[in-house]
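K.L.:
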Amino acid sequence: MACAVFRKDISREQFAAATAELDADLKSQRIIMIDLLWRSAMDRASELSRKHTPELGSRMLDILHVACALELGVRTIMTYDERQIALARKAGLRTLSP
């Protein structure tokens, strides 16, 4: 989000409000942090990239997000990014685009 301030997509006030909401969600445990085995996630990301990037043009962060979701046993991923949606679906995940 900080980069969105730099790009002038959002104001500093919007950034502060969003950051405060995230902090509150973490404190109340509406959002929880889960540890991830990074070596497994990176192996999964390499596998996804080799298999799907030539066809989809997947970007590094999209691949990492999908790989992490798979490693955590997630069944559905929420994203607005069309390339990430395509990769997630190829990987067997359901997608939500609010």
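By the count of my numbering, the sequence shown reaches residue 393 at its end, each step adding exactly one.
Backbone N, C-alpha and C fix where the C-beta goes; we use that ideal spot for every residue, glycine too.
#1: Who are the Cβ neighbours of A299 in its own chain at under 8 Å, not counting the five residues just before and after it?
#2: Pull up the DSSP beta-bridge partners for R389, would you.
#3: Is it a yes or a no for the region 317 to 329 touching the region 345 to 356, going by three-plus beta-carbon pairs under 8 Å?
#4: Can you tell me where the alpha helix (DSSP H) holding Q324 begins and where it ends?
#5: Specify, as a first and last residue, the run of the alpha helix (DSSP H) that M337 falls within.
#6: Name the residue from L382, R302, D330 whose alpha carbon lies nearest to the alpha carbon of S344.
#7: Taking the alpha-carbon of C363 as reference, which of R378, I380, D338 has the nearest alpha-carbon?
#8: Quick check on this structure: which residue in R384, T371, L365 has the alpha carbon closest to the alpha carbon of H347?
P.N.:
Once the coordinates are examined:
#1: Excluding positions up to five away in sequence, the list reads I305, F310.
#2: Beta-bridge pairing links R389 to T371.
#3: Segments in contact, no.
#4: Segment: none, Q324 is in no alpha helix (DSSP H) and carries neither H nor E.
#5: Counting along the chain, the alpha helix (DSSP H) containing M337 begins and ends at 333 to 351.
#6: With distances taken between CA atoms, S344 lies nearest to L382 out of L382, R302, D330.
#7: Closest in alpha carbon position to C363, among R378, I380, D338, is D338.
#8: Of the listed residues, the one whose Cα sits closest to H347 is R384.
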